[in-house]
Structures are given as structure tokens and as C-alpha cells.
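Below: the structure, in C-alpha cells.
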Amino acid sequence: MTVTSGQGIKMKTTGVHHVSLRSTDLARSKVFYIERLGFPLLLEIEELFLFLAGGTAIGVRGPSPNTPPDDAFDPFRVGLDHVALGCTDPLELHRVAAALTQAGVEHTGVKTDALLHKDYLAFKDPDGIKWELYSADDPEGSRRATLRAATDAYFAALARRDFDAIPYADNVVLRAPVVPGGGANPLSGRETLRTVWWQPLVPALDGVTVNVIDYYVNADATAVCVTAEVILPVAKATLRVADRFTVDADGRITEQENHFDPRAV
1458 MTVTSGQGIK
1468 MKTTGVHHVS
1478 LRSTDLARSK
1488 VFYIERLGFP
1498 LLLEIEELFL
1508 FLAGGTAIGV
1518 RGPSPNTPPD
1528 DAFDPFRVGL
1538 DHVALGCTDP
1548 LELHRVAAAL
1558 TQAGVEHTGV
1568 KTDALLHKDY
1578 LAFKDPDGIK
1588 WELYSADDPE
1598 GSRRATLRAA
1608 TDAYFAALAR
1618 RDFDAIPYAD
1628 NVVLRAPVVP
1638 GGGANPLSGR
1648 ETLRTVWWQP
1658 LVPALDGVTV
1668 NVIDYYVNAD
1678 ATAVCVTAEV
1688 ILPVAKATLR
1698 VADRFTVDAD
1708 GRITEQENHF
1718 DPRAV
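Structure follows, in C-alpha cells:
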């Protein structure tokens, strides 16, 4: 059978399910991975233990009857070269490097991969199997941070009464019960929001305090709902609000929906 470029089996997979390693001394390996590195133990039987590295199960097996008594890991032989664990927090690399030093585990320190220009930290287990903690992108975390930053900027600007600090897109749409026409008649356009909604709103905010309670990101990470409490000084009442923000890839708010419960908390 001839397979040309672009064809092939094209497996549908979620990624690596588990990795299995061979050790010359299972008890020694367990001390290293579980007690010194602190990975959670998932399973232990006579000739195998499993631990969890992030979302991946790692199995370590003891020597088999076919394992040479003087065998040692060699990354230059055909087979495994090294195992790399992803790390989305740059500070974690330095924390782990310091912790490895304190635990007496030799390591490279934080280095930069000349090929991919990513930072990493490398060390070996007692059998010489090489491990890396490698900088990895976190698209989901990055997107959540973008949503959070946009809403934080909104509430900070609200506190300062600074409309220009709100990251609104030029074509932003606002639906709110307090705008002219109510929520059924949205306002459209940044400058319309400034004149029709914001300018009358600012005097009404005098003495008002807004405290954010929590953030809820929708399933496809296009929008975030923020719950907050609004403390009114005159009526001495606290209202609960839920504002929903749709944010584009550049961190600009394209849609905003304001909802509130008129009953005092």
C-alpha cells in the first residue's frame, strides 16, 4: 500500500493517555516520583505503580526477567529520548528548580530551547530517564485572562468615572433596563453610549460602591458574566447585578447586557 502526503490513517485522539517507563529499582523510583517530586499516587501493584502528572497517567514498572542486570537508560538508543511536562506558569519553572535543588536532585536550571525559544528545566530520575518541565501555551487560560481583563477594566473605569478607560469596541451594543427604551431597545456605537448612557449615569453613581463577587465564563469562552453588589448610599440598600460582556479577540467589549434585581439584599 502506498500512502502519499496528506493521506494516512489520521487518528482522532485527545493526545497522550499514559506513558509507561521501565525501572531497575521500583522502590527507589517510587521514592523519587512520589515522595521527592510529590506526584499523586494513582495505583500500586506488585510490579507497577501509576502517578498523575497533570492530566496524564505515568506508569513505572520494575525490571522484568528480560531486563539486563546492569541495564541503564540511554537517550541515544532507539526508543525514548525524554519526557516533557507542560508548564504554563513561567514562575513555576524557577520554583521547581529551587525545590529540586533543596531535594538534592540535579537539574539544568531554567534554560531556553534554541529551537523553539521556550524556557524549560531538565532533570533525571534515578535510572537516568530524562524529564523536562517545558513552557507551554495555554490558549484557554489566555482567553479567560482576556475576558477577565476586559471586565476588570470596565469596573475600574466605572469606579473612576472614566468612560475612555472602558475597552469598548467602536460598534459596541448595550442592553440595559436603565437606558432609554429599556433592554428591548439596545444602544449601538461607542459614542452613542457615551452621550446617551454614560453622561446621565455618572451623576447617579455619586456615592455608589460596586463590589465584584464572581466571574462566570461561558462554554465557548466568548463572554463572561460578572455578578456584583451595588451599595446605594441614600437608600442604604444593596442590589445584586449581573452584567454580561461579550469580548472579541483583541480584548474589546462588543456587547454588554446589564441586569439587576431591584429588591434590596
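Sequential numbering of the sequence shown, starting at 1458, is according to the numbering used here.
We put the CB at the ideal spot given by N, CA and C, even for glycine.
Small disclaimer: the values here were computed from a predicted structure and weren't measured.
Could you give the C-beta distance for phenylalanine 1489 and aspartate 1582, rounded to a whole number, given that I count them as a contact under 8 Å? 5 Å
Local conformation of valine 1659 per DSSP, three classes
helix
Practice task
Quick one: residues in its chain with C-beta nearer than 8 Å to the C-beta of proline 1634, no 5 flanking neighbours on either side, listed in chain order?
Solution key: Gly1640, Asn1715, His1716, Phe1717
Original post:
For the beta strand (DSSP E) that contains threonine 1666, what are its first and last residues?
Top reply: 1666–1674
Q | Same chain, Cβ closer than 7 Å to aspartate 1528, five either side skipped, listed in chain order | A | Thr1481
> Three or more C-beta pairs closer than 8 Å, one from the segment 1586–1594 and one from the segment 1611–1629: is that the case here?
Replying inline: no
**OP:** Tell me whether threonine 1603 sits in a helix, a strand or coil according to DSSP, three-state version.
**Re:** helix
Element boundaries [alpha helix (DSSP H), containing alanine 1555]: 1547–1559
Task: Beta-carbon spacing of alanine 1685, phenylalanine 1612 below 9 Å - done: yes
Sequence-distant residues of its chain with Cβ nearer than 7 Å to valine 1669 (five each side left out): Phe1612, Val1683, Ala1685
- request: Output yes or no for whether 9 Å exceeds the beta carbon distance between alanine 1541 and arginine 1709.
  value: no
**Asked** In three-state DSSP terms, what is valine 1722?
**Response** Annotation note: pLDDT 46 at valine 1722 (below 50); position unreliable, coordinate value reported separately. If DSSP states are grouped into helix, strand and coil, valine 1722 belongs with coil.
Alanine 1626 to glycine 1646 span [Cα, whole Å]: 8 Å
### Message
Can you tell me whether leucine 1578 is buried or exposed? The criterion is at least 16 other CB atoms within 10 Å of its CB, across all chains shown.
### Response
buried
**Item:** Residue from Arg1493, Leu1494, Gly1519, Ala1510 with nearest C-alpha to glutamate 1501
**Value:** Gly1519
Assuming contact is defined by CB atoms lying nearer than 9 Å, are glycine 1664 and proline 1690 in contact in what I supplied?
yes
### Message
On the criterion of 16 or more Cβ atoms from any shown chain inside 10 Å, does glycine 1465 qualify as buried, or is it exposed?
### Response
exposed
Inset, instruction - Report back the beta-carbon spacing between valine 1517 and leucine 1604 to the nearest angstrom; my notes put them in contact at under 8 Å. - result: About 40 Å separates the two Cβ atoms, so there is no contact after all.
Practice task
Per DSSP, which residues does tryptophan 1654 bridge with? Please list them.
Solution key: DSSP, once it has assigned bridges, lists no residue as partnering tryptophan 1654.
*asked:* Please classify aspartate 1595 as buried or exposed, where buried requires at least 16 neighbouring CB atoms within 10 angstroms.
replied: exposed
>> Given this structure, state the Cα-to-Cα distance separating proline 1637 from aspartate 1677, to the nearest angstrom.
In response: 31 Å
- [ ] On the DSSP bridge assignment, give the partners of alanine 1680 in chain order.
- [x] Thr1703
**Residue nearest to valine 1667 in terms of C-alpha spacing, selected from Leu1658, Pro1643, Gln1656, Leu1696** = Leu1696
Requested in this report: Just the C-alpha distance for threonine 1569 and leucine 1644, rounded to the nearest angstrom, thanks.
Outcome: 50 Å
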